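Asker: Take the sequence shown: its letters are residues -14 to 559, numbered as in this note's numbering. Note that CB positions come from ideal geometry on N, CA and C, so glycine has one too. It should be emphasised that the depicted structure is a prediction, and the values quoted were computed from it without experimental measurement.
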Amino acid sequence: MLLALGARCPRWVTDGTAVAVAAGGLAVSALLLHATSGGRVVTWAGGWQPRPNLTVGIVLVADRGGSGIAVLIFALTTVALLFGWRYFDTAHGHYHALMLLFAAGMAGFALTGDLFDMFVFFELMGAAAYALAGFKIEDPESVQGGLTFGVVNSLGAYLCLTGIGLLYARTGQLGLPQLAFALSARGSDPLVLMAFVLIGTGWLVKAAAVPFHFWLADAHAVAPAPVCVLFSGVMAPLGCYGLARLYWVVFRGVLPDTAVHRTFLVFGIVTATLGGLMCFTQRHIKRLLAYSTIAHIGLFLVGIAALSPLGIAGVGVAVAAHAAVKGALFLLTGLLLSRYRSVDELELYGRARDHKVAGFAFAVGALALAGLPPFGTALGKALMDEAGDSPALTGLTLVVSALTGAAAFRVALRVYFGVGPPPSDEPASELTTGRDEEPDTQPPPSTPTTMTVAIALLFAGGLVIGFVPGIGPAAAAFVNQHAYTADALAQPTPPAPAAPETTWTGTGVLLGLLTTALAVLIALAALHTRRVPGWSRTTLAGLHRLHSGHIGDYAAWLAFGTAAFAGILALSGT
């Protein structure tokens, strides 16, 4: 219908219809979230009903975790479409249809209780995402970014499908609750372990965890700013969700907890560290924000590695707040691109001085990214730190958050306020500068109301998430494997474990303020530091050269990461 409207009706009809459909999805998801307050909502597709020793059929299982993600998906989609109302010169109906298909695929992934259907929805959202990344087909870089995205994620999908096939061959089941029962009776063996590795690799590719992350910055660099809101805010974190759901429902008790903990922790630490370093050393603003997402994905994996309800609660709050704040920063970057045909931090030095309100908003978003209370990002990180119960992991969160926040805050000070000396434009062949970018639209004489409202809604969401109650019971339900399988198969539900406390603490507020202050100091130091030590410059140049943009290199890293996943898991279980 949207394609037909786009060809025959005024532009406002297409935009209005798309926003209305997305808002309708948001309303339905909110009603579903409310319904799950009394327990899981279970539906067997096609009228099938589970009976003793017979569980044929596809089950949809909505708990507060999955339905909460669906709310986040449609909220971001609604805001992105609202921003795009006056953002694109020509979009016809293709953009709107792809955005809604993308949202539908992600929501299905979050709500299905069938492993094969998770793969199907994984592919649906992937196909729409590839097209959205390469939306500007007249731009060779856009096509290349979409191709890289598609090839790397398709390779991950093939590995995932192979793992699903191994599980089906071993158990004859595809539903998550049926697999849980089958594997609990059979126990673990090398084939089951390899199935977990292959499926987990597929989800980690989507999450852009190191070393599967190379595609993400390339895709964000070329995708339109409203699309980046969904890529960074919910698509990549969905990979973490898929991994957590797979473990807690199917493999909990089958694989050793110690092995899973160490595996998730290693991937999380490496991803957070590399993402933070790459973020801070970018001058292409959209790539900078993309690497910030990679760094936060690493922190989410560290939170999941705690294997506790508190860790899941912290990840849930952090994901939602990060989505809101990062989405606002991407939309502000889109405005920069439309006005100045550039997203090069150095070239844009002081050029946006006339847009002080936008500069203030960018600065606040940067500090919220670092963990400024009372934004939900600060609460989520505090809960993850409490769950990790390790000074070293708390230090990792502090440093990585400060680096990513400092990078974005540096952009705000340099571009909007002209802070620091004019940067010398040193040649840096290993960096993508972001100059002479093709804008998504012609610069408007003033910022349209729809764009301003979209950005304001995202900032407001980041604040509100810091005070939303009920995440503790939702996290306790998420990790309750026996209750999930019992509800899905219409069996008596065991009692729920105690919900963790998820309120603000004095320690959490102090850590947030400390991280924010550190981000400000690092940003100011970077603006006034002319020279970088030689060894540091060489190391960073080497890291940038690893991100070559060649699909063959990325495929090789994917193979290495899969082997590393299997090796860490196997060695940690011995």
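Leaving out five residues on either side along the sequence, give the residues of the same chain with a beta carbon under 6 Å from the beta carbon of F632.
Answerer: Given a span of -14 to 559 for the chain in the structure shown, any question on residue 632 remains unanswerable.
Asker: Exposed or buried, what is V64 when buried is set at 16 or more other beta-carbons lying within 10 Å of its beta-carbon?
Answerer: It is buried - the Cβ of V64 has at least 16 other Cβ atoms within 10 Å.
Asker: By a C-beta neighbour count over all protein chains shown, 10 Å radius and 16 as the cutoff for buried, is H579 buried or exposed?
Answerer: Outside the modelled stretch of the chain, which goes from -14 to 559, sits residue 579, for which no answer is possible.
Asker: May I have the straight-line CA-CA distance separating H205 from A116, to the nearest angstrom?
Answerer: If I take the Cα positions, the gap works out to 13 Å.
Asker: If L151 sits next to L164, beta carbons under 8 Å apart, how far is it from one beta carbon to the other, in whole angstroms?
Answerer: Their Cβ separation, rounded to whole angstroms, is 12 Å, which puts L151 and L164 out of contact at 8 Å.
Asker: Using the three-state DSSP reduction, which class does D339 fall into: helix, strand or coil?
Answerer: In the structure shown, D339 sits in coil (DSSP, three-state: anything other than H, G, I, E or B).
Asker: Classify A481 as helix, strand or coil using the three-state DSSP reduction.
Answerer: If DSSP states are grouped into helix, strand and coil, A481 belongs with coil.
Asker: Would a C-beta distance cut-off of 8 Å place G90 and A113 closer than the cut-off?
Answerer: Against a cut-off of 8 Å, the Cβ pair of A113 and G90 comes out as a contact.
Asker: Could you tell me which of H246, A221 and T478 sits nearest to S277, measuring between CA atoms?
Answerer: Minimum Cα distance to S277 is reached at A221.
Asker: What residues are listed by DSSP as bridge partners for L240?
Answerer: The partner list for L240 (beta bridge, DSSP) reads R237.
Asker: Can you tell me the Cα-Cα spacing of M369 and A346, whole angstroms?
Answerer: In a straight line, the C-alpha of M369 is about 27 Å away from that of A346.
Asker: Counting along the chain, where does the alpha helix (DSSP H) carrying A475 start and finish?
Answerer: Premise fails: A475 is in no alpha helix (DSSP H) and is neither H nor E.
Asker: Whole angstroms is fine: what's the gap from L443's alpha carbon to G218's?
Answerer: Approximately 11 Å, taken between the alpha carbons.
Asker: Helix, strand or coil for W542, going by three-state DSSP, please let me know.
Answerer: In the structure shown, W542 sits in a helix (DSSP, three-state: H, G or I).
Asker: Fully enclosed by the region 80 to 128, which alpha helix (DSSP H) runs are 4 residues long or longer?
Answerer: The qualifying runs are 100 to 118.
Asker: Whose C-beta lies closer than 6 Å to the C-beta of P485 among residues of the same chain, with five residues either side of it excluded?
Answerer: So the qualifying residues of the chain are P294, L295, A298 and G457.
Asker: So what's L292 in DSSP terms, helix, strand or just coil?
Answerer: Correct three-state label for L292: coil.
Asker: In three-state terms, what does DSSP make of W200?
Answerer: In the structure shown, W200 sits in a helix (DSSP, three-state: H, G or I).
Asker: From G157 to A548, what distance separates their C-alpha atoms?
Answerer: So the alpha carbons of these two residues sit roughly 26 Å apart.
Asker: Please list, in chain order, all residues of the same chain as A392 whose beta carbon is under 6 Å from its beta carbon, the five residues on each side excluded.
Answerer: So the list reads C264, F265 and L273, once near-sequence residues are dropped.
Asker: K341 to R247, Cα distance in whole Å?
Answerer: Computed Cα separation, rounded: 46 Å.
Asker: Based on Cα-Cα distance, which residue from A208, T21 and M84 lies nearest to D124?
Answerer: Comparing Cα positions, the closest option is A208.
Asker: Applying the 10 Å Cβ sphere with the 16-neighbour rule, what's the burial state of R25?
Answerer: So R25 ends up on the buried side.
Asker: Shortest alpha-carbon distance to R338 belongs to which of Y401, P406, G130 and F120?
Answerer: That would be Y401, whose Cα lies nearest to the Cα of R338.
Asker: If you reduce the DSSP assignment to three classes, tell me which class W70 lands in.
Answerer: Note: W70 maps to coil in three-state DSSP.
Asker: Got a sec, what are the start and stop residues for the alpha helix (DSSP H) W188 sits in?
Answerer: Looking at the DSSP string, the run of the alpha helix (DSSP H) that includes W188 is P175 to A192.
Asker: For P358, collect the residues of the same chain with a Cβ closer than 6 Å to its Cβ; drop the 5 residues on either side in sequence, then sort them by chain order.
Answerer: Excluding sequence neighbours, P358 sits near V494 and G497.
Asker: Buried or exposed: which applies to V41, given that a residue is buried once 16 or more other Cβ atoms fall within 10 Å of its Cβ?
Answerer: By the neighbour-count rule (16 or more Cβ atoms within 10 Å), V41 is not buried but exposed.
Asker: The beta strand (DSSP E) spanning F45 covers which residue range?
Answerer: Here residue 45 turns out to be Leu, not Phe, going by the sequence shown. Residues V44 to A47.
Asker: Are the beta-carbon atoms of V505 and F360 separated by less than 8 Å?
Answerer: Cβ atoms of V505 and F360: not closer than 8 Å.
Asker: May I ask which residues mark the beginning and end of the alpha helix (DSSP H) holding V396?
Answerer: It spans P376 to F402 - the alpha helix (DSSP H) in which V396 sits, taken as one unbroken run.
Asker: May I ask you to report which of helix, strand or coil DSSP gives L443?
Answerer: Looking at L443 - three-state DSSP - the assignment turns out to be helix.
Asker: Among A511, L388, T133 and L378, whose alpha-carbon lies nearest the alpha-carbon of P407?
Answerer: If we check each option's Cα against that of P407, A511 comes out closest.
Asker: Whole angstroms is fine: what's the gap from L228's alpha carbon to Y143's?
Answerer: Going from the Cα of L228 to the Cα of Y143 covers about 16 Å.
Asker: Check the DSSP bridge columns for G160 and list the partner residues they point to.
Answerer: Its beta-bridge partners are D99.
Asker: According to DSSP, is T266 part of a helix, a strand, or is it coil?
Answerer: T266: coil per DSSP, three-state reduction.
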